[in-house]
Amino acid sequence: MNYVELLSERTILSETGRSPKWLLPRLLKIKKYPVNNRYSSTGLCLATRNGGIRQQLHGIGDKDSVVIVDHGSRIKESNLMLDEFAAMFRDKTGYPIVEPAHIELAEPSIRDAFGLCVQQGANRVIVSPFLLFPGRHWHQDIPSLTAEAAKGHPGVSYIVTAPLGFHELLVDNRHREHRHIQNRDRPKSVHHNTPQT
């Protein structure tokens, strides 16, 4: 994963100083730090206070935490699915602190989840959008909400990773689901036993 660590919160602001939305598209075009594969979800993401541009996250620290953030829904069951995914992510990855968050329409917010991570001892929060492709939420909303949340926790760095993007595993998942549906809906073959004469 390519990501950019920013030295201060002010660094994420665009040239106009009003929004981070210009920074990400411009950085994605930096030829010195290309995305490795157009079909992978490896892309640039934001980080603060650690300095420089690095190619990868170097291991999981015991003070690292993850906030998995989706859009949010008015449907309670949809939001509970993110809770289940966050628990599965924690169990499979080894991150000691994983919290779900929603951009809007539901709680916890990014601010609340960020605070919960810090309360549990995190000194770095990795904000991982559970979104398929980059759009306004990734370019603008999530970085802005995360920067706002970080203001209340000086000394805690954060990273906003790329959305899921293109990945062969997503194709495999969709293909498997389609095969399942096709097999389920396919009429069962009927064998007629005709009497032999």
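Taking full-length UniProt numbering, the leading residue of the sequence shown gets 1, the next gets one more, and so forth.
For every residue, glycine included, the Cβ atom is placed at its ideal position computed from N, Cα and C.
Classify residue i: buried if its beta carbon has 16 or more other beta carbons within 10 angstroms, exposed otherwise.
i    : result
I181 : exposed
T93  : exposed
H102 : buried
E107 : exposed
I110 : buried
I75  : exposed
Can you look up residue i in the DSSP assignment and give me helix, strand or coil?
i    : result
R124 : strand
P100 : strand
R49  : Bear in mind that a pLDDT of 44 at R49, under 50, signals an unreliable position, so the number given afterwards is only what the model happens to contain. Note: R49 maps to coil in three-state DSSP.
V118 : helix
P129 : strand
S157 : strand
D141 : helix
Would you give the residue range spanned by the beta strand (DSSP E) that residue i belongs to?
i    : result
S109 : No beta strand (DSSP E) contains S109, which DSSP labels as neither H nor E.
S73  : Looking at the DSSP string, S73 is not in any beta strand (DSSP E), and its letter there is neither H nor E.
When the distance is taken between beta carbons, is residue j closer than 7 Å to residue i?
i    : j    : result
V127 : V67  : yes
V98  : F114 : no
A122 : P100 : no
S73  : L105 : yes
What first and last residue would you give for the alpha helix (DSSP H) that runs through residue i?
i    : result
H175 : E168 to D185
D91  : K76 to T93
Using the Cα positions of residue i and residue j, report the straight-line distance between them to the nearest angstrom.
i           : j    : result
residue 237 : R90  : No information on residue 237 is available, as it lies outside the stretch 1 to 197 that the chain covers here.
P154        : I142 : 19 Å
A150        : L132 : 25 Å
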